[in-house]
Amino acid sequence: MRLSERVRAIEAKRSASLPQLPALVLMPSDDEAARRRQFLEQHGRAPELVIAVHRASARKDTNDAE
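Under this note's numbering, the first residue of the sequence shown is numbered 1, with each subsequent residue one higher.
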């Protein structure tokens with residue numbers, strides 16, 4: 001089995017085990033859009049967006065290790 005085939009097989013197995021979530025579209029409110037424009041004017045770049053996702057199984061594994 002070639003490496004690319006193995007990678008595709010692993011990705012297919014992983015995606016099959018994950019719950020299928022609907023697409024999420026976030027539209028900023030008028031206030032949020034104004035804050036972003038103000039930040040862009042002050043800093044010359046867009047603010048970074050950081051989304052942290054914690055899986056329950058990851059927390060459980062950490063708790064079990066303690």
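For each residue, glycine too, the CB sits at the ideal point set by N, CA and C.
- His43 and Glu11 have their C-alpha atoms spaced approximately 39 Å apart.
- Taking the C-beta atoms as reference points, Ala33 is found no nearer than 8 Å to Leu40.
- Taken through DSSP and simplified to helix, strand or coil, Ala33 comes out as helix.
- Taking the CA atoms as reference points, Ser15 sits about 20 Å from Arg2.
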